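First up is the structure itself, then whatever we jot down about it.
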Amino acid sequence: MAHSFHLSPFPFTKSEKPYFFAMKNMILLLLLTSLLACQNNETGEPTSFKPPVIKDANITKREPANPYAPVDLSPMDIAYLPSDYPIKKMNGEQTGQPVARVLYSRPHRQGREIFGNIVKWGEPWRLGANEATEIRLFKPVTIQGKQVPTGQYTLYAIPYEDRWTIVFNSELYTWGLKFNTAKDVAKFDIPVQSKNQVVEYFTIVFEETGKGADMVLAWEGKEARLPLQY
13 MAHSFHLSPF
23 PFTKSEKPYF
33 FAMKNMILLL
43 LLTSLLACQN
53 NETGEPTSFK
63 PPVIKDANIT
73 KREPANPYAP
83 VDLSPMDIAY
93 LPSDYPIKKM
103 NGEQTGQPVA
113 RVLYSRPHRQ
123 GREIFGNIVK
133 WGEPWRLGAN
143 EATEIRLFKP
153 VTIQGKQVPT
163 GQYTLYAIPY
173 EDRWTIVFNS
183 ELYTWGLKFN
193 TAKDVAKFDI
203 PVQSKNQVVE
213 YFTIVFEETG
223 KGADMVLAWE
233 GKEARLPLQY
């Protein structure tokens, strides 16, 4: 059986033309992409997009705010006599009560000139920061021939260039320099030394001696010692 074909002057119908041109454009786009990929491979350039790397140095790091209480810039610390008394007690090296315990805050120097500038000569200083520094004596101690009874006291100092005056005060749980001098219990003048080593954080420690112990006060390049006998 013979077949006859009807030839149109146009090879495609109207409905077929958009599809043809769309396919044609897609094929051309694929060919162009392949050509560019070949050129990039020849030059050693990557063919895929990589997002920029953000280094840590470009990120501002911020710790989330503490919703309960922020960390103080001048942390609180404890000095025991004997040193490390709680550890020694737990290890069985120490029995009974300690001789003394000091609660104090430790301000940071941060490149500042402290004595004669931040801490003025001849003016009261709280021996730390924030709350007043406190000492608890678990037994009587003798300082420069004077006995200080068992009890809890506020400590503050009046620094001079050649000496510091250390004051025991009976008013407790105070902040800053709100001292009632009428409640001063005892005052002691002690020498102050200049040291080559710079101490960044204000420090109070006890160092035992043959006659008792020294309460060592150190900050910046200064060191003062209050001798205790017990």
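Note that this note's numbering has the sequence shown beginning at 13, numbered continuously upward.
Using N, Cα and C, we set each Cβ at its ideal position, and we do this for glycine too.
This one's a predicted model, so the numbers in the text were calculated from it and none came from an experiment.
| So which of Asn129, Arg124, Asn103 and Pro171 has the shortest CA-CA distance to Val211? | Translated into positions along the sequence shown, residue 211 becomes position 199. Minimum Cα-Cα distance from Val211 among the listed residues Asn129, Arg124, Asn103 and Pro171 corresponds to Arg124.
| query | Taking Cβ positions, are Arg284 and Thr215 nearer each other than 8 angstroms? | reply | Given a span of 13 to 242 for the chain in the structure shown, any question on residue 284 remains unanswerable.
| task | Return the CA-CA distance between Tyr242 and Glu173, expressed in angstroms with no decimal places. | result | In the sequence shown, residue 242 corresponds to position 230, counting from 1. In the sequence shown, residue 173 corresponds to position 161, counting from 1. Roughly 29 angstroms between the two C-alpha positions.
| field | Rounded straight-line distance, which links the Cα of Ile155 to that of Val228 | value | What you label residue 228 is simply residue 216 of the sequence shown in a count that begins at 1. What you label residue 155 is simply residue 143 of the sequence shown in a count that begins at 1. Cα to Cα, the separation comes out at about 14 angstroms.
| Where do the ends of the alpha helix (DSSP H) carrying Tyr250 lie? | Outside the displayed range of the chain (13 to 242) lies residue 250, so it cannot be described from this structure.
| query | Do Asn142 and Tyr165 have their C-beta atoms within less than 8 angstroms of each other? | reply | Residue numbering aside, residue 142 sits at position 130 when the sequence shown is read from its first letter. Residue numbering aside, residue 165 sits at position 153 when the sequence shown is read from its first letter. Against a cut-off of 8 angstroms, the Cβ pair of Tyr165 and Asn142 comes out as no contact.
| Helix, strand or coil for Lys223 per DSSP? | Within the sequence shown, numbered from 1, the residue matching residue 223 stands at position 211. Here Lys223 sits in coil by DSSP.
| message | Please report the distance separating the alpha-carbon of Asn103 from that of Gly134. | response | Walking along the sequence shown from the start, residue 103 turns up at place 91. Walking along the sequence shown from the start, residue 134 turns up at place 122. Using only the alpha carbons, I get a separation of about 44 angstroms.
| said: Tell me which residues share the same chain as Gly224 and place their Cβ nearer than 6 angstroms to its Cβ, disregarding the 5 neighbours each side in the sequence. | reply: Residue 224 sits at position 212 when you count from the first residue of the sequence shown. Excluding its 5 nearest sequence neighbours in each direction, Gly224 has C-beta neighbours in its own chain below 6 angstroms: Leu240, Gln241 and Tyr242, listed in chain order.
| query | Assuming Ile178 and Phe200 make a contact with CB atoms under 8 angstroms, what is their CB distance in whole Å? | reply | Here residue 178 is taken as the residue at index 166 of the sequence shown, counted from 1. Here residue 200 is taken as the residue at index 188 of the sequence shown, counted from 1. Indeed, because the Cβ distance is near 5 angstroms, the residues count as touching under 8 angstroms.
| Taking the alpha-carbon positions, what's the Arg138 to Trp187 distance? | By 1-based counting over the sequence shown, the position of residue 138 is 126. By 1-based counting over the sequence shown, the position of residue 187 is 175. If you draw a straight line from the Cα of Arg138 to the Cα of Trp187, it is about 9 angstroms long.
| said: Tell me the rounded alpha-carbon separation between Thr221 and Pro76. | reply: To locate residue 221, count along the sequence shown from 1; it is residue 209. To locate residue 76, count along the sequence shown from 1; it is residue 64. Those two C-alpha atoms are separated by around 47 angstroms.
| request: For Gly140, count neighbouring Cβ atoms within 10 angstroms of its own Cβ and tell me buried if that reaches 16, exposed if not. | output: Taking the first residue of the sequence shown as 1, we reach residue 140 at position 128. Here Gly140 is buried, its C-beta having at least 16 other C-beta atoms within 10 Å.
| message | So, for Val197: in the same chain, excluding its five sequence neighbours on each side, which residues have a beta-carbon less than 6 angstroms away from its beta-carbon? | response | Sequence index remark: in the sequence shown, residue 197 carries index 185 (1-based). Take Val197, set aside five residues on each side of it, and the residues of its chain with a beta-carbon closer than 6 angstroms to its own are Phe180 and Ser182, in chain order.
| Whole-angstrom distance between Pro94 and Lys100, CA atom to CA atom | By 1-based counting over the sequence shown, the position of residue 100 is 88. By 1-based counting over the sequence shown, the position of residue 94 is 82. Spanning the two alpha carbons is a distance of roughly 9 angstroms.
| DSSP-derived helix/strand/coil call for Ala91 | Translated into the one-based positions of the sequence shown, residue 91 becomes position 79. Ala91: strand per DSSP, three-state reduction.
| said: Just to confirm before moving on: does the CB-CB distance between Ala91 and Val217 stay below 8 angstroms? | reply: For this step, residue 91 is matched to residue 79 along the sequence shown. For this step, residue 217 is matched to residue 205 along the sequence shown. It is a contact, given that the beta carbons lie within the stated cut-off.
| field | Where Val83 falls, given that 16 or more other Cβ within 10 Å makes a residue buried | value | Position 71 of the sequence shown holds residue 83. Around the CB of Val83, fewer than 16 other CB atoms lie within 10 Å, so the residue is classed as exposed.
| request: Can you have a look at Thr236 and say buried or exposed, based on whether 16 or more other CB atoms are within 10 angstroms of its CB? | output: For the purposes of this step, residue 236 is identified with residue 224 of the sequence shown, where counting begins at 1. Looking at the sequence itself, residue 236 is Ala, so the reference to Thr does not match. The residue is buried, with at least 16 neighbouring Cβ atoms inside 10 Å.
| query | Where does the unbroken beta strand (DSSP E) through Asn78 begin, and where does it stop? | reply | As a first step, residue 78 is located in the sequence shown; it is residue number 66 there, counting from the start. Here Asn78 belongs to no beta strand (DSSP E), and DSSP marks it neither H nor E.
| message | Using DSSP's beta-bridge definition, name the partner residues of Tyr165. | response | Numbered from its first residue, the sequence shown carries residue 165 at position 153. DSSP, once it has assigned bridges, lists Ile147 as partnering Tyr165.
| task | Indicate whether Ala194 and Tyr168 have their beta-carbon atoms separated by less than 8 angstroms. | result | Numbered from 1 along the sequence shown, position 182 holds the residue referred to as residue 194. Numbered from 1 along the sequence shown, position 156 holds the residue referred to as residue 168. Result no, Cβ atoms of Ala194 and Tyr168 do not sit closer than 8 angstroms.
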